[in-house]
Amino acid sequence: MIEVRNLSKHFRDKKRGEIRAVEDVSFRCEPGQIYGLLGANGAGKTTTLRMLATILEPTSGTAIVCGHDIVEHPEKVRADVGFLSTATALYPRLTARELVQYFGRLNGLDDAILKTRVDKIFDRLDMNGFRDRRCDKLSTGMKQKTSIARTLVHNPAVMIFDEPTLGLDIMTARTITAFIRECRDLGKTVIFSTHIMSEVEKLCDVIGIIQNGRLLAEGTLQELREKYGERDLEEIFVKVVAPHYVSAEDH
Amino acid sequence: MSLRNIGVVYRKELTEAARDRRTLISSILIPLFLFPVLTFGIGYAFVEVAGEAAREPSKIMILGGEDSPDVVQELRKARNLRVLPRSADYVDQISDKKIRAAVDIPPGFQAAVARGDHPDVKIYIFKDDLKSMHGAIRIEKLFMEYRDTIVRGRLASDQLPESLMKPFDIEQQNVVSDEKVAGESYGGLITYLVILMSMTGAMYPAMDLTAGEKERGTMETILSSPIDRTHLVLGKFFVVLTASLATAMLSALSMGGSFSILSRLAKDQSIGEGFPMLTMHPKTVIAVFVMALPVAVLFSAVLMTISLFAKTFKEAQSYLTPMTFVVIVPAIAAVLPGIELTSKLALIPILNVSLLCKELVTGTYHWNYIALIFFCTCVYAGIALFLAVKMFQRESVLFSS
């Protein structure tokens, strides 16, 4: 379970002064649920998710992930989280198997458990054909599978996906969306950020619309449709965001 | 502090480094080939050039001297001089190294000398050019012999003893071994190269493990794992240190091996006679390597900290280029004549090790200085490592993009 409480992140920029990337964001995501964070570029999605994954430290507020406070126990939080984004690249000079093993070891798994876990994941994701191939020699699809294997190796209860399909071809993107659904079916708590409306419609149980670092609307797709009197999610998004819209550069 | 986690990061980073051609070239191949190239290539060429300059007759020009046939005859007869026909552009010819020197004999030189006047002979040269200096010395020697002959004749005609010319002799005698002479003149620089190599060995992995990681997008991947950032930076640091020490060790071995072969060759085949040959004792090689240990820690931590501020590998390269000067300047300072290790200089990082190398290679072991320098460098290395760990905790540094 994830409970985000008044989370804020401010950056200092020499030219632009203080940037409020995330401002007083609160929401909840239960196990077996996919929470979709929908927002334009620069809305604050990545910063929010990076804070939940404890890669960045909040300026104020906090979040409880699987019972651990992200500010007080970031290492414990990371042990329960699988984080995947297009920015989380692979080590080019390691093989797919070595990479997954490395992250297993970083998560404290001993060699015997690690071997069983890696074999199982590689079978499930059909990765045995390239398990000993270096990551810089893998195709985009193979790389995505390896990234998925990396996030799964320690069997985390929470999965965080930050625009995981950005720039991918349709087949590779489908592998990712199928994997996100599978995580929900396994009872994991899933947070997923995107600016692609169709993905949100297909995947998310609860949707949060974020703009200028603030969470402007939240609810199931049905609740949002009723509240804003629109059927199409894109129309709902525009209705919510338009009064607050400032381009990413200006923000 | 989890040694297991540091070890996990260390093993992974080492595996990647061992698969990287650029790291292998900078850490293994360059140190292995540097000293053989320096000793057998440049060293041998230098000895040969110096020998050739000593053997080859100097091309000179005589300006004037038509009314001083004896002197001109002596110059023409000299086997180590070759007199070329006079030309008005003798200055250009000296500048272009077509001739090595020109001697200007004033009109009525011989007659003036015979009268007891004091005429001036000028020798035009290319200062500090080895072959030009040889030519000038040869001309000067001939004129001095001519002067001595005249004085000797005058003394004889006045029935005075020849010893009036030189009431006493002064002779400089070297009481120090060739090894020490070589150590003093160029040995310090050679041994300091081992220290310098420990930096070049650390440079590539330091950039690859920090800026390279940011550029490839793996920084976010690793930061999303539960490893503590202190363990992460220490694991990386030990890999950079390993590369640095491997380079230093291979350089020290390559240096010791090259010089022992060269000195044996020089003895057997009488190469470079009169040139002080450097002898590299195993004790010196070990001492230089031991001094390289804290310096390698210092370099590894400093290079990693600086590289961490860069967003790309190229940017890191531009940040680290000035570091090369920081290391080369003390090397130059240490070979300047007159600069010796003092307790104050022993506190200046890098320069202290550079000066110490000069002492070690001459077989001088000032244990108080060695201990002070070792301790100082360890303190500086500790501070640099502390900074590296601190920088790795800063979001503004890790996510500077």
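Residue numbers (the numbering used here), protein chains in the order written: chain B, 12 to 262; chain V, 1424 to 1824.
Note that CB positions come from ideal geometry on N, CA and C, so glycine has one too.
- Query: Are the C-beta of T99 (chain B) and some C-beta of chain V separated by less than 8 Å?
  - Reply: yes
Could you give the distance in angstroms between the alpha-carbon of M1556 (chain V) and the alpha-carbon of R1478 (chain V)? 13 Å
Candidates B:E234, B:E246 and B:L226: closest to N17 (chain B) by CA position
B:L226
- Task: Take every Cβ of the segment 1648–1658 of chain V, pair it with every Cβ of the segment 1612–1620 of chain V, and state whether three or more of those distances are shorter than 8 Å.
- Result: no
*Three-state class that DSSP yields for R242 (chain B) in the structure shown*: It is coil, neither helix nor strand.
Task: Beta-bridge partners of S96 (chain B), as assigned by DSSP - done: Looking at the DSSP assignment, S96 (chain B) forms a beta bridge with B:D173.
- In the DSSP assignment, find the beta strand (DSSP E) that holds I220 (chain B) and state where it starts and stops. V217 to Q222
Buried or exposed: E34 (chain B), going by 16 or more other Cβ atoms within 10 Å of its Cβ? The residue is buried, with at least 16 neighbouring Cβ atoms inside 10 Å.
Next on the checklist: So the candidates are V:I1650, V:L1553, V:E1497 and V:S1580; which of them puts its Cα closest to the Cα of E1568 (chain V)?
Outcome noted: V:E1497
*For R1442 (chain V), which residues in chain B fall below 7 Å Cβ to Cβ?*
R104
| said: I need the straight-line Cα distance from T1462 (chain V) to M62 (chain B), nearest angstrom please. | reply: 57 Å
Secondary structure of I30 (chain B), DSSP reduced to three states = strand
Worksheet item: The alpha helix (DSSP H) with H1557 (chain V) in it runs from where to where?
Response: L1553 to S1580
*According to DSSP, which residues form a beta bridge with I159 (chain B)?*
According to the DSSP secondary-structure assignment, I159 (chain B) is paired through a beta bridge with no residue.
Less than 8 Å between CB atoms is the rule here; does I1448 (chain V) satisfy it with respect to chain B?
no
Determine the burial state of N1597 (chain V): buried for a count of at least 16 other Cβ atoms within 10 Å of its Cβ, exposed for fewer.
-> exposed
| field | Nearest to L117 (chain B) (by Cα), restricted to the options V:S1667, V:F1469, V:V1820 and V:T1644 | value | V:T1644
- request: For Y1803 (chain V), I'd like the list of residues in its chain whose CB is within less than 7 Å of its CB, leaving aside the five on either flank, ordered along the chain.
  value: L1721 and P1772
Would you call the CB atoms of T188 (chain B) and E210 (chain B) closer than 8 Å?
yes
In terms of residues, what are the limits of the alpha helix (DSSP H) holding D1493 (chain V)? P1492 to K1500
Legend entry - Counted within 10 angstroms of its Cβ, other Cβ atoms place N52 (chain B) as buried (16 or more) or exposed: Here N52 (chain B) is exposed, its C-beta having fewer than 16 other C-beta atoms within 10 Å.
**Asked** Three or more C-beta pairs closer than 8 Å, one from the segment 202–216 of chain B and one from the segment 66–79 of chain B: is that the case here?
**Response** no
**Request:** Could you tell me the boundaries of the alpha helix (DSSP H) in which S1741 (chain V) lies?
**Result:** Taken as a continuous stretch (DSSP letters only), the alpha helix (DSSP H) holding S1741 (chain V) covers F1736 to V1758.
Inset, instruction - Examine the Cβ distances between the segment 158–167 of chain B and the segment 98–116 of chain B and report whether three or more of them are shorter than 8 Å. - result: Contact holds: three or more Cβ-Cβ distances are below 8 Å.
Query raised in the report: Near P1584 (chain V), what residues of its chain come up, given a Cβ to Cβ distance below 8 Å and the 5 sequence neighbours on each side ignored?
Result: Counting only residues of its own chain and dropping the five nearest sequence neighbours on each side, P1584 (chain V) has a CB closer than 8 Å to the CB of L1578.
Check: From the beta carbon of G1464 (chain V), is the nearest beta carbon of chain B less than 8 Å away?
Finding: By this cut-off, G1464 (chain V) is not an interface position.
Item to check | Interface residues of chain B facing A1482 (chain V) [CB-CB closer than 7 Å] | outcome: The amino acid occupying residue 1482 (chain V) in the given sequence is Lys; Ala does not appear at that position. What K1482 (chain V) touches in chain B: nothing, since even the nearest Cβ is about 60 Å away.
Quiz prompt | Sequence-distant residues of the same chain with beta carbon closer than 7 Å to D143 (chain B), five excluded per side | solution = T106 and R108
For E229 (chain B), which residues does DSSP report across the bridge? B:G219
Test item: CB-CB of P1705 (chain V) and G1679 (chain V) under 8 Å | yes
For V169 (chain B), is the classification buried or exposed, using 16 other Cβ atoms within 10 angstroms of its Cβ as the cut-off for buried? buried
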